[in-house]
Structures are given as C-alpha cells and as structure tokens.
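Enquirer: In our numbering, the protein residues as written are 482 to 712.
Cβ coordinates follow ideal geometry from the N, Cα and C atoms, glycine included.
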Ligand SMILES: N[C@@H](CCC(=O)N[C@@H](CS)C(=O)NCC(=O)O)C(=O)O
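1. For residue 483, which of 523, 555, 494, 492 has the nearest alpha-carbon?
2. Determine, using beta-carbon pairs with one atom in the region 617-624 and one in the region 647-662, whether at least three such pairs fall under 8 Å.
3. Here's the rule I'm using: 16 or more other beta-carbon atoms within 10 Å means buried, otherwise exposed. How should residue 708 be labelled?
4. At a threshold of 7 Å, does residue 532 count as lining ligand 1 (C-beta to nearest heavy atom)?
5. Curious, which full-length beta strand (DSSP E) runs of at least 3 residues does the region 524-560 contain?
6. Could you check if residue 636 belongs to the surroundings of ligand 1, using beta carbon to heavy atom distance under 7 Å?
7. What is the DSSP secondary structure of residue 673, counted as helix, strand or coil?
8. Where do the ends of the alpha helix (DSSP H) carrying residue 699 lie?
9. Looking only at DSSP bridge pairs, what is residue 588 linked to?
10. Straight-line CA distance for residue 489 to residue 513?
11. For residue 511, which residues does DSSP report across the bridge?
12. Would you call the region 668-678 and the region 493-504 touching, i.e. three or more CB-CB distances under 8 Å?
13. Tell me the DSSP secondary structure of residue 658 in three-state form.
14. At which residues does the alpha helix (DSSP H) containing residue 570 begin and terminate?
15. Among the residues of its own chain, which have a CB less than 6 Å from the CB of residue 693, if the five just before and after it don't count?
16. Would you mind stating whether residue 665 and residue 560 have Cβ atoms separated by less than 8 Å?
17. Examine the Cβ distances between the region 524-534 and the region 606-614 and report whether three or more of them are shorter than 8 Å.
18. Look at the alpha carbon of residue 543 and the alpha carbon of residue 530, and state the distance between them as a whole number of angstroms.
19. Using a threshold of 8 Å, state whether the C-beta atoms of residue 525 and residue 515 are closer than that.
20. Quick one: what does DSSP say residue 631 is sitting in, helix, strand or coil?
Shown next, in the form of structure tokens:
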C-alpha cells in the first residue's frame, strides 16, 4: 500500500496524523506542500488544507477523516475506543482540541509578536515563501477575528489558555491519558496542539506552568515505535 502525506511540518494537524501513522508503524512518504505539490493538492481537493493523505491514489482530507480511515485500514493498535461512551468522549475532546485549542495556538504563533519570527523562518526567504507567508498572515488574522480570539486582549487570551490547560491537568490528574490507561485519537489531537503551543515563547511559558502537561507530552512522545521518514 502506497501512502503519501501532503504535509506542512509545523502544522499541528499534520503532526497529529504523522504521530498516528508512526504509532501504528505505518510507513509513508512526506510530500512538502510548500511548492509544486500545493498546486496538485488544490487541484484534487476543494478544501485545500493540509494534512491530506493519499492511500493508493485516494485522497482524504481533514485530520479527523484521515484518522478514521487510517484506523479502518490499519486497525492495530486501535486509536478509537470500542466502548461507545468512550468513543463519544474521544470525539468531543478531539473536536475541542481541533476547533478551540488550535485557535489559541494560532494566535500565539502568528499574532503575538514573539511567535512571528518563527513563522518567517518556517516559510523561508524565497519569493514563494515570502508570498505564501504574507498571504497566510492575512488569512489567519481574518480567521482569528471571525472566530473571536483575534478580538480579545492578550490578557484575556492568556486567561483562556490557562483555563484550557487547567482542564487538561484536571482530566490527567489520576490517569496517564485523557480517557484512562490507553492513548486514543483525542490524545493524538490534544498532544499535537500542545506541541504546537510549546514552540512560540509566550504560549510555551504558560505551558511550562502546567508540569503535568509536560509529563503527558513526554508519554505521548515515547509512544512512537518507528522513526519518521526523511523528507
Ligand atoms: N480541520 C482541519 C484543519 C486543517 C488546517 O486548518 N490546516 C491548516 C494548516 S495548520 C491549513 O492547511 N491552512 C491553510 C488554509 O487555511 O488555507 C483538519 O483537522 O485537518
């Protein structure tokens, strides 16, 4: 089976999918999306976002759809709980992570001044890199304003983030993973957002206040049974 992941290395959603594939020991080709492959992706998908995973020529977009398809094709080790109550909780936590935590991470990466130099480095200084960065800078600022986070003060956003990290800390107080003793899809989603927020200095400082989350991230990192392929 041939797997190609349209991938943007810093994206938390790409990180989530790479970690799931690694956990399941599935090898795949990483296709860097900044360049000609972006045209291929836009041509083949209306969504036009990464990650997108091609399995034997079939393209799947959205990390949640990708995770479910990976689970169907490579069922072991399972990332979806068998129990329907736990499955519901896993989905709710995954969606909270993808749709709420992500916007806080975006803010600290793209808007908060200390995050911005990292974005410049990630896109590089080629004409394509600069054009893409300026395009996404405008798009993300507009997304954040529309979603609401971009209209809040830094103090409010910091308080929101502390509340989210506090909730995770409470859930993890007596168990290694979000739903108990086994890592599930919600853990891959949440951990990816935590890794994303561990990079910009301002969100990293807040994350460091929550030592239990650092230990959780270490546990998630230790799960990966195989090395990621070179790009
Ligand atoms: N819900 C999607 C979100 C994917 C997403 O927002 N990807 C970002 C990179 S982190 C992207 O491709 N942005 C480009 C755009 O919005 O055009 C998922 O889970 O895959």
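Expert: Put simply:
1. 555
2. no
3. Since pLDDT at residue 708 reaches only 49, below the 50 mark, its modelled position is unreliable, and the value read off the structure follows with that caveat. Exposed, because fewer than 16 other Cβ atoms sit within 10 Å of the Cβ of residue 708.
4. yes
5. 533-536, 539-542
6. no
7. helix
8. 692-703
9. Residue 588 pairs with nothing; no bridge assigned.
10. 6 Å
11. 486
12. yes
13. strand
14. 565-577
15. 650, 653
16. yes
17. no
18. 8 Å
19. no
20. helix
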